[in-house]
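In numbering that gives the first Met the number 0, the protein residues as written are 0 to 204.
Here a beta-carbon is modelled for each residue, glycine too, at the ideal position from N, C-alpha and C.
Values in this document were obtained by computation on a predicted structure and should not be read as measured data.
Notes follow the structure.
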Amino acid sequence: MARRLAAARLIVASHNAGKVREIAALLGPLGIEAVGAASLGLAEPEETGDTFIANAVLKARAAAEASGEPALADDSGLVVPALEGAPGIYSARWAGPGKDFRVAMDRIETELTARGCETTGAAAWFVCALALGWPDGHCETVEGRVDGTLAFPPLGEHGFGYDPIFVPDGHARTFGEMPAEEKQPLTHRARAFEQLAGLLRSGPQ
Ligand code: IMP
Numbered sequence: 000m001a002r003r004l005a006a007a008r009l010i011v012a013s014h015n016a017g018k019v020r021e022i023a024a025l026l027g028p029l030g031i032e033a034v035g036a037a038s039l040g041l042a043e044p045e046e047t048g049d050t051f052i053a054n055a056v057l058k059a060r061a062a063a064e065a066s067g068e069p070a071l072a073d074d075s076g077l078v079v080p081a082l083e084g085a086p087g088i089y090s091a092r093w094a095g096p097g098k099d100f101r102v103a104m105d106r107i108e109t110e111l112t113a114r115g116c117e118t119t120g121a122a123a124w125f126v127c128a129l130a131l132g133w134p135d136g137h138c139e140t141v142e143g144r145v146d147g148t149l150a151f152p153p154l155g156e157h158g159f160g161y162d163p164i165f166v167p168d169g170h171a172r173t174f175g176e177m178p179a180e181e182k183q184p185l186t187h188r189a190r191a192f193e194q195l196a197g198l199l200r201s202g203p204q
């Protein structure tokens, strides 16, 4: 049986303030306090896994072992099957040291064109892997996904990352054109959290 969280607080294994805020907002209604790894001075492990789940597990385990408390980590990205799954687990790295996602979005368009593939209309999906880790090394994992198509040129000023080129299925606008309250319930992260919620209510350890 899956292990459930009995603690009233969780270490969020991320040094990204935006991510910690978003996760804190999802944990708040469940009565769980979120504490950022950076505020505890925890080191950030290198993301050496070759899947979203592997990287989330690696981050959750490192934070749980270092803090002695349960920790939650997320790893996410955009998958384009016509590019053999790229940028995938390298989604953040495609933006380069300047974290410029215009560069990353241009690269997707250029690489699709170089392969003779359609750019607007190409299938894509976002993935969010969540790992809940305990100090003894035990980990529970879930994965959420939202399917859609790509659209060029990038459109919209909302959101972050690849939002301006992603149109979720069943919608006519990019995530970048949607205000946060419209995008949030549709996301891979929200879907992953729905699955995790069952483990975050008090129950037998
Ligand atoms: P991580 O911090 O290694 O998980 O990197 C995730 C990267 O995937 C981010 O830097 C974004 O570029 C991209 N990404 C993840 N979720 C979203 C989203 O909801 N919209 C746009 N880009 C996203």
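Contacting residues, own chain, Cβ-Cβ under 6 Å from A62 (five flanking each side not counted):
A distance below 6 Å between beta-carbons, with the five flanking residues on each side excluded, links A62 to the following residues of its chain, in chain order: I10, A12, A36, L41, A70.
Starting from the C-beta of L185, find all residues in its chain whose C-beta is less than 7 Å away, skip the five residues before and the five after it, and write them out in chain order.
For L185, where only same-chain residues beyond five positions count, the Cβ hits under 7 Å are V145, P167.
For A130, I'd like the list of residues in its chain whose CB is within less than 6 Å of its CB, leaving aside the five on either flank, ordered along the chain.
Once the five neighbours on either side are set aside, the close Cβ partners of A130 are A55, V56, A59, A72, C138, T140.
What are the boundary residues of the alpha helix (DSSP H) that I52 is part of?
Element bounds for I52: 51-66.
Can you tell me which of the three DSSP states L131 falls into?
Correct three-state label for L131: strand.
Proximity of F100 and F125 at Cβ, strictly below 8 Å
Going by C-beta atoms, F100 is not nearer than 8 Å to F125.
Residues in its own chain within less than 7 Å of L26 by CB, not counting five upstream and five downstream?
Take L26, set aside five residues on each side of it, and the residues of its chain with a beta-carbon closer than 7 Å to its own are L9, A33, in chain order.
Neighbour-count burial assignment, P152, 16 or more Cβ in a 10 Å radius
Burial is judged here by how many other beta carbons sit within 10 angstroms of a residue's own beta carbon; P152 has fewer than 16 and is exposed.
For a test of the three-state rule: what should DSSP assign to T109, helix, strand or coil?
Reduced to three states, the DSSP call for T109 is helix.
When the Cα atoms are used, what is the spatial distance from A5 to T112?
Each residue's alpha carbon lies about 51 Å from the other.
Relative to the C-alpha of I31, which residue among M104, A1, A7, G48 is closest?
Of the candidates M104, A1, A7, G48, the one whose C-alpha sits nearest the C-alpha of I31 is A7.
Every unbroken beta strand (DSSP E) within the region 108-187, with a cutoff of 3 residues, ordered by chain:
The region 108-187 contains these whole beta strand (DSSP E) runs: 122-132, 138-149, 165-167.
To which residues of the same chain is G175 closer than 7 Å at the C-beta, ignoring the five residues directly before and after it?
Correct list, in chain order: P153, L154, G155, E156, H157, G158, D162, P163.
Exposed or buried, A103, counting other C-beta atoms within 10 Å across all chains shown (16 or more means buried)?
A103 should be labelled buried.
Is A37 helix, strand or coil by DSSP?
It is helical.
Among the residues of its own chain, which have a CB less than 6 Å from the CB of G87, if the five just before and after it don't count?
Non-local C-beta neighbours of G87 in its own chain, meaning closer than 6 Å and more than five positions away in sequence, comprise G76, V78, ordered along the chain.
Starting from I10, follow the beta strand (DSSP E) in both directions and report where the run begins and ends.
Note, I10: beta strand (DSSP E), 8-11.
Would S66 pass as a contact of L29 if the rule is Cβ separation under 8 Å?
It is not a contact, given that the beta carbons lie outside the stated cut-off.
Can you tell me whether F192 sits near the ligand IMP, meaning its C-beta is under 7 Å from at least one heavy atom of the ligand?
Answer for F192: no, Cβ out of range of the ligand IMP.
Using C-beta distances below 8 Å, list every residue in its chain close to F192, excluding the 5 sequence neighbours before and after it, in chain order.
Excluding residues up to 5 positions away in sequence, L25, L129, G143 lie with their Cβ nearer than 8 Å to the Cβ of F192 in the same chain.
With DSSP as the reference, label H14 as helix, strand or coil.
Coil at H14, not helix or strand.
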